[in-house]
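In what follows, a structure is listed as structure tokens, so that the remarks can point back to it.
In our numbering, the protein residues as written are 8 to 121.
Quick look at the structure:
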């Protein structure tokens with residue numbers, strides 16, 4: 008992986024960390040604060056994206072990683088859709104990252120099956 012790619016991944020990770028921190032500290036009232044489950048799923052999704060682009064995932068057991076990947080995608084969708092009206096920002100981030108992770112895995116499956 009090139010140096011520019013690593014820098015772009017680091018900047019993307021920093022942007023998403025700042026979004027999460029901003030969502031956590033932006034408390035207009037207690038109803039709009041995100042739950043710990045939503046933040047945990049969001050951080051797990053970000054970790055999987057970083058691991059995917061740094062190619063560390065090639066060292067893991069393939070079955071374990073596939074199960075972890077799809078559990079993260081489904082849990083992100085469930086957590087994102089469950090209470091959208093209470094916290095729209097983190098719900099949309101969870102849904103967007105779940106769809107992005109699903110697209111990455113489907114592309115990876117299509118490429119490796121050729």
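Positions of the beta carbon are idealized from the N, C-alpha and C atoms, including for glycine.
* **Same chain, Cβ closer than 6 Å to residue 66, neighbours up to 5 away in sequence not counted** => none
* To do: Mark residue 83 as exposed unless 16 or more other C-beta atoms lie within 10 angstroms of its C-beta, in which case mark it buried.
  => Buried: at least 16 other Cβ atoms inside 10 Å.
* Asked: Exposed or buried, residue 77, counting other C-beta atoms within 10 Å across all chains shown (16 or more means buried)?
  -> exposed
* Asked: Taking all protein chains shown into account, do 16 or more other C-beta atoms lie within 10 angstroms of the C-beta of residue 27, making it buried, or fewer, making it exposed?
  -> buried
* Where does residue 112 fall in DSSP's three states? -> helix
* Can you have a look at residue 97 and say buried or exposed, based on whether 16 or more other CB atoms are within 10 angstroms of its CB? => buried
* **From 81, 43, 72, residue whose alpha carbon lies closest to that of residue 104** => 81
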